[in-house]
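Worksheet: one structure, shown below.
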Amino acid sequence: MRNKLIATMLLASASLLPTFANAQEKSAIEIKNEAFKEVSVPNSTTKKLVPASSAAPGEPLLYVLTVRNISDKPVSNVVVGNPVPQYTEYKLDSQTSSNAKFEVSVDQGKTFGSLGTLQKTAVNGSKSIAQAKDVTNLRWTLSTALKPKEETKITYRLQLN
Amino acid sequence: MKTTTKIAAMFAAFAVGGLAPAYAAGTAAGTTISNKATVNYSVGGVAQTPVESSPTGNNAAGAGSGANTNFLVDRKLALTVTEQDAGTTVNVSPGQSATVLKFTVTNTGNDTQDVLFQAIQRANGTTGSGTATDNFNSTNTRVFVDSNNNGTYDSGTDTALFADELAADGSKTVFIVSDIPLTQIDGDAAKLSLVAQVAAGGGAGAQGLVINADTNGHTSPAMIASNGATVTLPGIATTSAENATTVQNVFADLSTSGVNSTGTADTASNGQASDTGTLLVISAKLTVTKTSKVVSDPINSSNPKAIPGAVVEYCIILQNTGTQAASPVSINDSIPANTTYVPSSMRGGVTVAGGVCTSGTGTALSDPSDGDNGSFVSSAVNINFPSPGVAAGTTTAASFQVTIN
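Below is the structure:
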């Protein structure tokens, strides 16, 4: 039903509005993407996380994805995809998630698998085992449905080249 | 050359792709890094329109409804300085002017910078960067950039005092030019450090302001004028807080070896880098010893004594304990009062045994100023050792005889 409604809206808005982006249809899911970096605390060995609005090359950044079911129905088959931004590298084994299968792609999301099994093809055609720096996309497939109002957090690190 | 071509090719590739260049030193300052996640999901077993992420949380469906989580790439400020004769010494001669130590200065940051320089005469006793220990300072010390990029100091051509618009990953050859006092001897060593200080790009041909502090509270030491006075250069001190719209300066020089612009130990994150070279004086070191012995007297047939009429042989020994040949060498010796030169008694290339001349060895030299290496002029003997002179580590001698009046 809902899908049909969106499709209808799409058709209607396509003629009336230049972009669909303006249509603020509320989904069952809300996703927040925050970037942080670790900074040293003066006179202490501990570090604290601060929201990252800028970074120098070589600095690692921590991303926190918060996926929340804002509806009153269970949400299933949740798949979170995140391309690795240009100029950054995924830091090996840096992701944390619960009840999720983590996979990566080294070919812009065409195929996914776990790092160590994926191969990359060099310009000259030779194949080799892909490394963390070759990762182009991250993907988390939640193994359980999100109950109404339930949220899950996914974190991972990128390093700025 | 190959590397340059490669970099140029990289730039061309990026230009085609319309992307900001990525350097070995890191992503270019001012680049915005955008990140966005997308969630696919089902409700009641029916797949829904995907939802994109935003920094504050987005629940509007459809592509383009989310927003990127962005951050700005800051300006990483880092330089390296490497002496081109690392670990070895540059040999110089006493009195040599415009001796040259060569350094390679590389911008390992991610933006175009100007680089200022200062030469530091290291203290006596300084070791490292070559085996010799510093024991003197060279004079008339100047720093020039290799303006024509030929790797050689060209007086009058290489006159630039700072590296202008040094691109990320770019490098320049920089020279410390100085003079060696004539009084320095074989084995003396002067160590000099080239300190590089990062400055703002400032536009082509214009020296940019010194970046003497970064946003993390690190500061640069002051520079020192040629007269030894401390100079606080006009600088850009940026201490503003983390901010997404301004590219901030971050000192990223991690090396703590060498010295800073005040001659004290370098520290990390101070906007400076340095390396040290050694000027080693190589020269001849002549020791001249003059001995005499009575070879005959008019009375005694053996054990001659120094009585009037006796013949005395003078022996002049030249010992070169330096590392270079002394060439040419000439001996000029006036005949002592109350003695008379024995005509045609000069000999050159005389053998030395037990610290004295062996009489009759070597080559007899004639008195006139002619083709040979000896002459007797104005009551003085002149004995020459033309090229190759007295070789390093060798001993030779000359002799002549007088009679006691």
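Respectively, the protein sequence lines represent chains A and B. The opening residue of the first sequence carries number 137 in this note's numbering; numbering runs sequentially from there. The opening residue of the second sequence carries number 48 in this note's numbering; numbering runs sequentially from there. All C-beta atoms in this analysis are idealised placements derived from N, C-alpha and C, irrespective of residue type, glycine included. For clarity, every value in this text was computed on a predicted model and none was experimentally measured.
Might you give, ordered along the chain, the residues of its own chain that have their beta carbon closer than 6 angstroms to the beta carbon of residue 358 (chain B), omitting 5 neighbours on each side?
-> 342, 343, 448, 450
Alpha-carbon spacing of residue 296 (chain A) relative to residue 196 (chain A), whole angstroms = 6 angstroms
Can you list, in chain order, the residues of its chain whose CB lies under 6 angstroms from that of residue 130 (chain B), leaving out five sequence neighbours each side?
-> 150, 322, 324
Residues of chain A with a CB under 7 angstroms from the CB of residue 258 (chain B): which are they?
-> Within chain A, no residue comes near residue 258 (chain B); the closest Cβ sits about 14 angstroms away, beyond 7 angstroms.
Between residue 126 (chain B) and residue 243 (chain B), is the Cβ-Cβ spacing less than 7 angstroms?
-> yes
Under the assumption that residue 306 (chain B) contacts residue 225 (chain B) (Cβ atoms under 8 angstroms), give the Cβ distance between them as a whole number of angstroms.
-> No, residue 306 (chain B) and residue 225 (chain B) are not in contact; Cβ-Cβ is about 17 angstroms, not under 8 angstroms.
Around the C-beta of residue 231 (chain B), are 16 or more other C-beta atoms found within 10 angstroms, so that it is buried, or is it exposed?
-> buried
Alpha carbon of residue 159 (chain B) to alpha carbon of residue 225 (chain A), nearest angstrom | 24 angstroms
Residue 94 (chain B) versus residue 103 (chain B): straight-line alpha-carbon distance, rounded | 24 angstroms
In angstroms, rounded to a whole number, what distance separates the CA positions of residue 328 (chain B) and residue 175 (chain B)?
-> 16 angstroms
Sequence ranges, beta strand (DSSP E) only - wholly within the segment 249-278 of chain A, length at least 3 | 255-257, 263-265, 273-278
Expressed to the nearest angstrom, what Euclidean distance is found between the alpha-carbon atoms of residue 282 (chain A) and residue 276 (chain A)?
-> 14 angstroms
Near-chain B residues of the segment 191-210 of chain A (beta-carbon distance less than 9 angstroms), N- to C-terminal order = 191, 192, 193, 194, 195, 197, 199, 201, 202, 203, 204, 205, 206, 207, 209, 210
Looking only at C-alpha atoms, which of A:194, A:199, A:179 sits nearest to residue 185 (chain A)?
-> A:199
Consult DSSP for residue 240 (chain B) and reduce its assignment to one of helix, strand or coil.
-> strand
Residue of B:423, B:382, B:317, B:203 minimising C-alpha distance to residue 194 (chain B) = B:203
Partners in chain B for residue 224 (chain A), counting only beta-carbon separations shorter than 9 angstroms | 74, 80, 82
List the residues that DSSP assigns as beta-bridge partners of residue 226 (chain A).
-> A:294
Examine chain E for any beta-carbon lying closer than 7 angstroms to the beta-carbon of residue 286 (chain A), and answer yes or no.
-> You won't find chain E in this structure, because its protein chains are A and B.
Using the beta-carbon of each residue, which ones in chain B are nearer than 9 angstroms to residue 171 (chain A)?
-> 80, 82, 102, 116, 117, 118
Backbone secondary structure at residue 286 (chain A) - three-state DSSP = coil
CA-CA distance, residue 333 (chain B) and residue 395 (chain B)?
-> 17 angstroms
Inter-stretch contact (C-beta, 8 angstroms, three-pair minimum) for the segment 412-426 of chain B and the segment 360-373 of chain B = no
Rounded to whole angstroms, what's the CA-CA distance from residue 144 (chain B) to residue 304 (chain B)? Just pull it up for me.
-> 29 angstroms
Between which two residues does the beta strand (DSSP E) carrying residue 148 (chain B) extend?
-> 146-154
Looking only at C-alpha atoms, which of B:381, B:106, B:180 sits nearest to residue 233 (chain B)?
-> B:180
Residue 168 (chain B) to residue 309 (chain B) span [Cα, whole Å] = 11 angstroms
Local conformation of residue 294 (chain B) per DSSP, three classes | coil
Interface positions of the segment 199-217 of chain B facing chain A (Cβ-Cβ less than 8 angstroms), listed along the chain | none
Residues that DSSP places opposite residue 187 (chain A) in a beta bridge | A:172
Spatial neighbours of residue 389 (chain B) in its chain, beta-carbon cut-off 7 angstroms, leaving aside the 5 residues before and after = 358, 448, 449, 450
Buried or exposed for residue 263 (chain A), please, with buried defined as at least 16 other CB atoms from any protein chain shown within 10 angstroms of its CB.
-> exposed
According to DSSP, is residue 439 (chain B) helix, strand or coil?
-> coil
Could you pull the start and end residues of the beta strand (DSSP E) that residue 217 (chain A) belongs to?
-> 211-219
How about residue 268 (chain A): is its C-beta nearer than 7 angstroms to some C-beta of chain B?
-> no
The segment 238-250 of chain A in contact with the segment 165-174 of chain A per 3-pair CB rule at 8 angstroms = no
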